[in-house]
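Chemist:
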Ligand SMILES: O=P(O)(O)OP(=O)(O)OP(=O)(O)OC[C@H]1O[C@@H](n2cnc3c(O)ncnc32)[C@H](O)[C@@H]1O
Ligand SMILES: [Mg+2]
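In our numbering, the protein residues as written are 7 to 212.
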């Protein structure tokens with residue numbers, strides 16, 4: 007059984023990666039989260055771009071564990087905020103990972119932004135770093151609009167505020183989509199789909 011480390015503490019990302027690997031029919035690949043490997047000093051995510059941060063996390067995980075390491079850096083880039091929160095999405099309200107506070111702040115910042123100017127994109131950059139030093143970085147983007155109130159129980163982070171442009175979403179927020187629907191449309195689903203051949207090869211190595 008081959009192992010790959012997902013250098014993330016975000017359990018929802020781990021679940022999404024597992025679903026993508028399962029949907030691709032990849033067997034023989036065990037995905038480990040950070041909780042499954044000995045603790046190591048994590049580098050600050052101080053890169054300027056999603057790609058920079060994904061590489062910081064993946065290189066750090068590969069170096070610390072000797073495992074093939076995948077990392078995702080992602081966020082929401084709002085047109086009316088010149089692309090912010092962007093790489094600051096996780097700590098937009100100041101505290102890391104406080105989704106209700108992050109969402110409330112974003113709603114307040116867009117309170118007088120008209121419907122036609124509430125465009126946004128979810129962005130995911132995923133980096134795969136192998137023990138031989140090979141590095142692959144891919145990016146997925148997902149266009150939609152920021153709603154005026156949170157809707158839906160699924161997903162995480164800004165999902166309740168994001169209404170994808172895709173017809174399949176039919177006006178629902180990404181938190182109202184089923185997990186499988188989200189995977190078929192999302193920034194992370196698009197990024198990870200580009201890494202499926204490399205993950206399949208890792209699994210085949212046994
Ligand atoms: O860095 P790791 O450990 O992977 O986990 P994290 O939660 O800190 O993740 P990021 O640094 O990539 O920050 C991503 C933020 O962007 C938001 N985000 C990313 N992908 C999302 C998605 O699919 N749906 C909703 N919000 C998302 C979410 O609020 C996260 O806090
Ligand atoms: Mg993070």
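Cβ coordinates follow ideal geometry from the N, Cα and C atoms, glycine included. As the structure is a prediction and not an experimental result, all values here were calculated from the model.
Should residue 71 go down as buried or exposed, given a rule of 16 or more other Cβ atoms within 10 Å for buried?
Modeler: Buried, because 16 or more other Cβ atoms sit within 10 Å of the Cβ of residue 71.
Chemist: Measuring CB to CB, does residue 106 end up less than 8 Å from residue 98?
Modeler: No. Outside cutoff.
Chemist: Examine ligand 1 and report whether any of its heavy atoms sits within less than 7 Å of the Cβ of residue 164.
Modeler: Yes, Cβ of residue 164 sits closer than 7 Å to a heavy atom of ligand 1.
Chemist: Residue ranges of each beta strand (DSSP E) run of no fewer than 3 residues wholly in the region 34-103, ordered along the chain?
Modeler: Runs found: 35-38, 75-84.
Chemist: State the Cα-Cα distance for the pair residue 196 and residue 163, rounded to the nearest angstrom.
Modeler: Cα-Cα distance, rounded: 18 Å.
Chemist: Can you tell me which of the three DSSP states residue 8 falls into?
Modeler: Strand, per DSSP.
Chemist: Counting by C-beta, which residues lie closer than 6 Å to a heavy atom of ligand 2, in chain order?
Modeler: Working through the chain, the matches are 51, 96.
Chemist: Is residue 116 helix, strand or coil when you go by DSSP?
Modeler: DSSP places residue 116 in coil when its eight states are reduced to three.
Chemist: What is the DSSP secondary structure of residue 166, reduced to helix, strand or coil?
Modeler: Correct three-state label for residue 166: helix.
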